[in-house]
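Quick notes on the structure that follows.
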Ligand SMILES: [Zn+2]
Ligand SMILES: [Zn+2]
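In this note's numbering, the protein residues as written are 755 to 1024.
In structure tokens form, the structure reads like this:
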């Protein structure tokens, strides 16, 4: 079918983790918008968040989503997913899909965050890398490759999240080389990357994750994309999806993937 901005979103958060709305509220909002499907991808627990997210009990988390999904099955398909960091011993069999993300890098026996603030990011680069930004960049990408190798996800989440605050120089040749090398490794395992609009409607960036040059590389290497908003409430379920479509087309994509009860299908960009 032809892609439109109310078909689906596979990166959404509810109050199972740090989202602000309940599962039912999110689903009802998606039905109002005319979505065909919705994926719930609450965060896996990590020690750094000090969280006791409900997703820590995978069986209950996914069973609850599936129970509520049944109630709405005449109107919308709801899928049980997980936004997975590398600190959680997850069980694949519970989930309809896995979205792999990196919110923390591993360095010096510690795990500093990459998306808390520009100041925290600058401190991380100074403290652990002696100010050498490219070493920080390479650690982030190398952690991402390892994470994907280990968890074998269905979707790569916000691949360059650490560009959120504009601290990283994404124009340098060495940055672009490191990013392209990571894409080429990851794409052999998981060909599907999300175009994530979260930083646009939250006012952090004027473009999506990943950066347009990375999208071009994914396209050149035969990768696929899904369009997600990473919303933490129901109000941005298709936030900035029009922009995502433009970025996808500009990078050369002709299709966007969508999850169905029979696996992923591709919708055509008109
Ligand atoms: Zn995330
Ligand atoms: Zn997220």
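C-beta: ideal position from N, C-alpha, C; glycine also.
Suppose you measure from the CA of residue 859 to the CA of residue 896; what does that come to, to the nearest Å? 9 Å
When every heavy atom of ligand 2 is checked, does at least one fall within less than 7 Å of the C-beta of residue 948? no
Quick one: Cα of residue 772 to Cα of residue 964, how far? 23 Å
Residue 874 in three-state terms, based on DSSP: Note: residue 874 maps to helix in three-state DSSP.
Is there a C-beta anywhere in chain B that falls below 8 Å from the one on residue 985? No chain B is present in this structure, which holds just one protein chain.
DSSP beta-bridge partners of residue 837: 797 and 853
Between residue 862 and residue 793, which are expected to be in contact by the criterion C-beta below 8 Å, what is the C-beta distance as a whole number of angstroms? That pair is no contact at about 35 Å.
Flag residue 903 as yes when its Cβ comes closer than 7 Å to any non-hydrogen atom of ligand 2, and as no otherwise. no
Shell residues, 5 Å Cβ cut-off relative to heavy atoms of ligand 2: Going along the chain, the residues that qualify are 837 and 984.
Where the alpha helix (DSSP H) through residue 903 begins and ends: Element bounds for residue 903: 887–905.
Just to check, is the beta-carbon of residue 857 closer than 7 Å to a non-hydrogen atom of ligand 1? yes
Cβ-heavy atom distance, residue 986 to ligand 1, below 7 Å: For ligand 1, not one heavy atom lies less than 7 Å from the Cβ of residue 986.
Whole-angstrom C-beta distance between residue 909 and residue 948, which should lie under 8 Å: 5 Å
Looking at residue 757 and residue 1010, is the spacing between their C-beta atoms short of 8 Å? Their beta carbons are under 8 Å apart, which means residue 1010 touches residue 757 by this criterion.
Pairwise C-alpha distance: residue 981 and residue 912: So the alpha carbons of these two residues sit roughly 11 Å apart.
Going along the chain, which residues of its own chain have a beta-carbon closer than 7 Å to the beta-carbon of residue 810, five neighbours each way excluded? 799
With distances taken between CB atoms, is the gap from residue 951 to residue 998 smaller than 8 Å? yes
Just mark residue 837 as buried or exposed, buried being the case when its beta carbon has 16 or more other beta carbons within 10 Å. buried
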